[in-house]
Amino acid sequence: MLHTLAGRYRRTRTVRWGTGLEGHPPTATPATPPRSKTSRSRTWRSMTPRSKRSEGTIMGTGTPRPDRGRRRVVDAVVDAVADLGVGHIFGVDGANIEDLYDALFATARRVHGVVAKHEFGAATMADGYARITGGLGVVAATSGGGAMNLVAGLAESYTSQVPVLALIGQPPTTLEGRGAFQDSSGQAGTIHAVRLFTEISRYCARVQHPGDLADHLQRAIAAAQTGGPAVLLLPKDIQQARVDDTFVVHVPPRRSGHDPGGPTRIRELLAAARRAGKIVLVAGDQVARDDARDQLRALAAAADAAVGVAPDAKDVYPADEPGFCGVAGSMGHPELVDAVRHSALCVLIGTRLPVTARTGLDAALSAVPVASIGAAPPYLPTVHATSLDLRQTLGELAAAAASGPAVDAAARKRWTPRRMPVSAGPGVRYREAVEAIAAMMPAGSDVFVDAGNTGAAVVHHLPVPRGGRFVVALGMGGMGYSFGAAIGAAFARTGEDYGANREHGRRAVVIAGDGAFYMHGLEIHTALEHHLPVTFLVFNNNAHAMCLTREQLFYHDRYSFNRFRPARLAEGVGAMFPSLPAHPARTLDELFDALEAAAATDGPVFIAVDCDPDEMPPFLPFHTDPRARGQTP
Ligand SMILES: Cc1ncc(C[n+]2csc(CCOP(=O)(O)OP(=O)(O)O)c2C)c(N)n1
Ligand SMILES: [Mg+2]
Numbered sequence: 001m002l003h004t005l006a007g008r009y010r011r012t013r014t015v016r017w018g019t020g021l022e023g024h025p026p027t028a029t030p031a032t033p034p035r036s037k038t039s040r041s042r043t044w045r046s047m048t049p050r051s052k053r054s055e056g057t058i059m060g061t062g063t064p065r066p067d068r069g070r071r072r073v074v075d076a077v078v079d080a081v082a083d084l085g086v087g088h089i090f091g092v093d094g095a096n097i098e099d100l101y102d103a104l105f106a107t108a109r110r111v112h113g114v115v116a117k118h119e120f121g122a123a124t125m126a127d128g129y130a131r132i133t134g135g136l137g138v139v140a141a142t143s144g145g146g147a148m149n150l151v152a153g154l155a156e157s158y159t160s161q162v163p164v165l166a167l168i169g170q171p172p173t174t175l176e177g178r179g180a181f182q183d184s185s186g187q188a189g190t191i192h193a194v195r196l197f198t199e200i201s202r203y204c205a206r207v208q209h210p211g212d213l214a215d216h217l218q219r220a221i222a223a224a225q226t227g228g229p230a231v232l233l234l235p236k237d238i239q240q241a242r243v244d245d246t247f248v249v250h251v252p253p254r255r256s257g258h259d260p261g262g263p264t265r266i267r268e269l270l271a272a273a274r275r276a277g278k279i280v281l282v283a284g285d286q287v288a289r290d291d292a293r294d295q296l297r298a299l300a301a302a303a304d305a306a307v308g309v310a311p312d313a314k315d316v317y318p319a320d321e322p323g324f325c326g327v328a329g330s331m332g333h334p335e336l337v338d339a340v341r342h343s344a345l346c347v348l349i350g351t352r353l354p355v356t357a358r359t360g361l362d363a364a365l366s367a368v369p370v371a372s373i374g375a376a377p378p379y380l381p382t383v384h385a386t387s388l389d390l391r392q393t394l395g396e397l398a399a400a401a402a403s404g405p406a407v408d409a410a411a412r413k414r415w416t417p418r419r420m421p422v423s424a425g426p427g428v429r430y431r432e433a434v435e436a437i438a439a440m441m442p443a444g445s446d447v448f449v450d451a452g453n454t455g456a457a458v459v460h461h462l463p464v465p466r467g468g469r470f471v472v473a474l475g476m477g478g479m480g481y482s483f484g485a486a487i488g489a490a491f492a493r494t495g496e497d498y499g500a501n502r503e504h505g506r507r508a509v510v511i512a513g514d515g516a517f518y519m520h521g522l523e524i525h526t527a528l529e530h531h532l533p534v535t536f537l538v539f540n541n542n543a544h545a546m547c548l549t550r551e552q553l554f555y556h557d558r559y560s561f562n563r564f565r566p567a568r569l570a571e572g573v574g575a576m577f578p579s580l581p582a583h584p585a586r587t588l589d590e591l592f593d594a595l596e597a598a599a600a601t602d603g604p605v606f607i608a609v610d611c612d613p614d615e616m617p618p619f620l621p622f623h624t625d626p627r628a629r630g631q632t633p
């Protein structure tokens, strides 16, 4: 079904008024629609037996849809989004975006509106949703503070090239520059929102006339498809204005294919390297986005290659596959460095190899031939072949490599965890906790990992379950990303095969530090509201431990700004949300018990794992150069 969604998104679509609902593609299974007046105190999901959840269960009493020929701008936007196969819009409501929510209610549940706790949470939900579906994520916010709160989330999508459409309300055009509340028109000394968002988007426009909507929408969607956010600023009066019958949005096909000579160049290098020695492939997250895992595996087998993965691509080649030799970069494994050092050719596939993925590898990479295949050239010099469709390119390369010499399976390497200094502080060791989580994680789980020592430990130690995604927001590395992103992912899975999810126990799993939790962890409320299958694991070391470790290593351990008074997170969350199972895990046994309880639950679960703030994480710069200054985690 994921393929179908992505495929649907890739095809050229014409979104046209007046085609009638029956002419639209079938909708995804509904998650939680907005409550009607009669369901104020309980959620739709908890009230409605699964067997009875069908189209129209509660929507009959809603606002009648406006007459088809006289549709509002907001209706046109929502229908265009629906026709792309997008099932959810994430946002926070407000006076200048409420018409969009009204349009969502009027769509007969083709698209569901989700209210987040913070616009950063909503933006990361859209980002997580897009990373799971391979299509577009959509976020909505009101003007002023709501719009400003989007910035950090959109910046992550921009840097990580995740297609997101941001719909941002604005005061009415008649009040622009005339003291409107939350005016960001750039007039009369106000903030210039177009300039602001242009910096962090592939396309940004203020829609000043309803007649311009189709053109802006079309450009915005096309730009987002190239990888990153597109922003439409929608003044309140424009949202309410009518579009005419000729409203049409042509969505261009997503770019695909590869440069004509590219694969030939790489094929020749591969053939020469096979005669000379060993090949190492380092795979990045474009492999996941292009759904090219099978082709990567085929190429690795045909070329008898060792395979490493970028830190945000642990799901593209599981640790138990032949030839896996670890994670690249600052949170990675020495076996991969050795493999590259002794290789005849290293091929980077779908990764630009930023510093987090390159730390520790620079010397080895400068001593061997390096080639690359992917949407954009890496940050280091390589023989590069552009490919916007790794599924096709890797498939072709695998077929060509299959005619080479036979595979020497005995020469394949394995990886080992980095040896860490013994830590005697309170709680569970990172490695033990991560291995317990791995042991109890259902197949197909999507894992979202946050920043800090917690993140480094998970990237290093966690063997990722098959069938799910493993996401670390390395674009901006912003704390708190994982909470919203996992919720967006759960909605994406819910929209496709929710019943199957329940059967297989597929869950979204957040692993975050207590600092990240304090920033954006209250999005657990959104997961609870929609009864989403998300496990929130918070490693509570009562510290911004990565900053604490840096104080100790690089600033002579003379003080700490980053060690906090103890907090009982599970007890607190449990008291705050009585219907949310919340487990403290002070020991490894308690963690196993909590994970077992989580596996038996079909909604959200919160687990706080006590950890030691003084435990050294498997983060390479902390081990190789304790006197280093100015390294950025
Ligand atoms: C939004 C944001 N602010 C600051 C940082 C810098 N930073 C990196 S890790 C870290 C501490 C993380 O603390 P916590 O989430 O508790 O994880 P821990 O290191 O304790 O495991 C900070 C402040 C960041 N990455 N993102
Ligand atoms: Mg912490």
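Heads up: the sequence shown runs through residues 1 to 633, numbered per the UniProt record's numbering.
Positions of the beta carbon are idealized from the N, C-alpha and C atoms, including for glycine.
Quiz item: For T386, which three-state DSSP category applies?
Solution: The sequence position of residue 386 within the sequence shown is 386, counting from 1. Strand, per DSSP.
Exercise. Return the CA-CA distance between M616 and Q161, expressed in angstroms with no decimal places.
Key: Position 616 of the sequence shown, counting from 1, holds the residue named residue 616. Position 161 of the sequence shown, counting from 1, holds the residue named residue 161. Distance between the alpha carbons of M616 and Q161 is about 32 Å.
Practice problem: Tell me whether N541 sits in a helix, a strand or coil according to DSSP, three-state version. | Solution: Counting from one through the sequence shown, the residue named residue 541 turns up at place 541. Three-state DSSP puts N541 in coil, outside helix and strand.
Quiz item: In the structure shown, what three-state DSSP assignment does Q187 receive?
Solution: As a working note, residue 187 is residue 187 in the sequence shown. Reduced to three states, the DSSP call for Q187 is coil.
Quiz prompt | H544: CB within 8 Å of a non-hydrogen atom of ligand 2 | solution = Here residue 544 refers to the residue found at position 544 of the sequence shown. Yes.
Quiz item: If you draw a straight line from the C-alpha of T582 to the C-alpha of G452, how long is it?
Solution: The sequence position of residue 582 within the sequence shown is 582, counting from 1. The sequence position of residue 452 within the sequence shown is 452, counting from 1. Reading off the sequence, residue 582 comes out as Ala, not Thr. Going from the Cα of A582 to the Cα of G452 covers about 23 Å.
Quiz prompt | Expected contact under 8 Å - CB spacing of V449 and V459 to nearest Å | solution = Numbered from 1 along the sequence shown, position 449 holds the residue referred to as residue 449. Numbered from 1 along the sequence shown, position 459 holds the residue referred to as residue 459. Confirmed, about 6 Å.
Quiz item: Are the CB atoms of A385 and G261 nearer to each other than 9 Å?
Solution: In the sequence shown, counting from the first residue as 1, residue 385 sits at position 385. In the sequence shown, counting from the first residue as 1, residue 261 sits at position 261. Contact: yes.
Quiz item: Which partner residues of P235 appear in the DSSP bridge assignment?
Solution: Translated into the one-based positions of the sequence shown, residue 235 becomes position 235. Bridge partners of P235: Q170.
Self-check item: DSSP bridge partner residues for I221 (one or two, in chain order)
Solution: For this step, residue 221 is matched to residue 221 along the sequence shown. Its beta-bridge partners do not exist; DSSP assigns none.
Quiz item: D612: beta carbon under 8 Å from a heavy atom of ligand 2?
Solution: Sequence index remark: in the sequence shown, residue 612 carries index 612 (1-based). In this structure, D612 has its beta carbon at no less than 8 Å from each heavy atom of ligand 2.
Quiz prompt | C-alpha gap between A147 and E156, whole angstroms | solution = Translated into the one-based positions of the sequence shown, residue 147 becomes position 147. Translated into the one-based positions of the sequence shown, residue 156 becomes position 156. So the two alpha carbons sit approximately 15 Å from each other.
Self-check item: Three-pair Cβ contact test at 8 Å for the segment 596-609 versus the segment 529-547
Solution: yes
Exercise. Can you check the segment 344-377 for any alpha helix (DSSP H) of at least 4 residues that lies completely inside it and give the ranges in chain order?
Key: 355-358 and 362-366
Quiz item: Run through DSSP, which three-state label would P617 get?
Solution: The sequence position of residue 617 within the sequence shown is 617, counting from 1. If DSSP states are grouped into helix, strand and coil, P617 belongs with coil.
Quiz item: Which whole-angstrom value is the C-beta distance of L569 and D514, which I expect to be below 8 Å?
Solution: Reading the sequence shown from its first residue, position 569 is the one you call residue 569. Reading the sequence shown from its first residue, position 514 is the one you call residue 514. That belief holds up - the Cβ atoms of L569 and D514 are roughly 7 Å apart, short of 8 Å.
Quiz prompt | DSSP bridge partner residues for I89 (one or two, in chain order) | solution = If you number the sequence shown from 1, residue 89 lands on position 89. Answer by DSSP bridge pairing, in chain order: G113 and V138.
Practice problem: Could you check if Y379 is buried or exposed, using at least 16 other CB atoms within 10 Å of its CB as the buried criterion? | Solution: Within the sequence shown, residue 379 is the residue found at index 379, counting from 1. Y379 counts as exposed, since fewer than 16 other beta carbons sit within 10 angstroms of its beta carbon.
Practice problem: Using DSSP bridges, identify the partner residues of A512. | Solution: To locate residue 512, count along the sequence shown from 1; it is residue 512. Assignment of beta-bridge partners to A512 by DSSP yields V538.
Quiz item: For G467 versus M519, is the C-beta spacing smaller than 9 Å?
Solution: Position 467 of the sequence shown, counted from the start, is the residue given in the question as residue 467. Position 519 of the sequence shown, counted from the start, is the residue given in the question as residue 519. The answer is no: Cβ separation not under 9 Å.
Quiz item: Is any heavy atom of ligand 1 found at a distance shorter than 8 Å from the C-beta of P354?
Solution: Translated into positions along the sequence shown, residue 354 becomes position 354. Flag unset: Cβ of P354 not near ligand 1.
Self-check item: Beta-carbon proximity list for S343, same chain, < 7 Å, skipping 5 on both sides
Solution: Here residue 343 refers to the residue found at position 343 when the sequence shown is read from its first residue. Excluding sequence neighbours, S343 sits near G277, K278, I279, V280 and V368.
Quiz item: In terms of DSSP beta bridges, what is C611 paired with?
Solution: Taking the first residue of the sequence shown as 1, we reach residue 611 at position 611. According to DSSP, C611 bridges with nothing at all.
Quiz item: By DSSP, does P604 sit in helix, in strand, or in coil?
Solution: Position 604 of the sequence shown, counted from the start, is the residue given in the question as residue 604. Three-state DSSP puts P604 in coil, outside helix and strand.
Quiz prompt | Terminal residues of the beta strand (DSSP E) in which A585 lies | solution = Working through the sequence shown from its first residue, we reach residue 585 at position 585. Residues A582 to A585.
Self-check item: heavy atom of ligand 2 below 8 Å from G515 C-beta
Solution: As a first step, residue 515 is located in the sequence shown; it is residue number 515 there, counting from the start. It does: the Cβ of G515 is within 8 Å (strictly closer) of some heavy atom of ligand 2.
Practice problem: Could you name the residues that DSSP lists as bridge partners for C204? | Solution: Here residue 204 refers to the residue found at position 204 when the sequence shown is read from its first residue. BP columns for C204 point to V231.
Quiz item: Among A443, A457, E571 and G444, which one has its Cα closest to the Cα of E432?
Solution: The sequence position of residue 432 within the sequence shown is 432, counting from 1. Selected option, being the one with the closest Cα: A457.
Practice problem: Tell me, please, which residues DSSP counts as bridged to F448. | Solution: Within the sequence shown, residue 448 is the residue found at index 448, counting from 1. Bridge partners of F448: V471 and V510.
Quiz item: Who are the Cβ neighbours of G23 in its own chain at under 6 Å, not counting the five residues just before and after it?
Solution: Here residue 23 refers to the residue found at position 23 when the sequence shown is read from its first residue. In this predicted model, G23 has a pLDDT of only 25, less than 50, meaning its place in the structure is not dependable; the value taken from the coordinates is given anyway. Hits under 6 Å: none found.
Quiz item: CA-CA distance, T359 and L462?
Solution: For the purposes of this step, residue 359 is taken as residue 359 along the sequence shown, with counting starting at 1. For the purposes of this step, residue 462 is taken as residue 462 along the sequence shown, with counting starting at 1. C-alpha separation (whole angstroms): 19 Å.
Quiz item: If you check the beta carbons only, do A141 and I97 fall under 9 Å apart?
Solution: Indexing the sequence shown from 1 puts residue 141 at position 141. Indexing the sequence shown from 1 puts residue 97 at position 97. Yes, these two residues count as a Cβ contact at 9 Å.
Exercise. Would you check if the distance between the CB atom of V164 and the CB atom of G137 is smaller than 9 Å?
Key: Residue mapping note: residue 164 aligns to position 164 of the sequence shown, counting from 1. Residue mapping note: residue 137 aligns to position 137 of the sequence shown, counting from 1. Yes, these two residues count as a Cβ contact at 9 Å.
Quiz item: So is G121 buried or exposed if we call it buried at 16+ other beta carbons inside 10 Å?
Solution: As a first step, residue 121 must be located in the sequence shown, where it is residue number 121. Answer is buried; the Cβ neighbour count reaches 16.
Quiz prompt | At least 3 beta-carbon pairs within less than 8 Å: the segment 283-291 vs the segment 345-354 | solution = yes
Exercise. Output yes or no for whether 9 Å exceeds the beta carbon distance between L296 and L394.
Key: As a first step, residue 296 is located in the sequence shown; it is residue number 296 there, counting from the start. As a first step, residue 394 is located in the sequence shown; it is residue number 394 there, counting from the start. Cβ distance < 9 Å, so L296 and L394 count as in contact.
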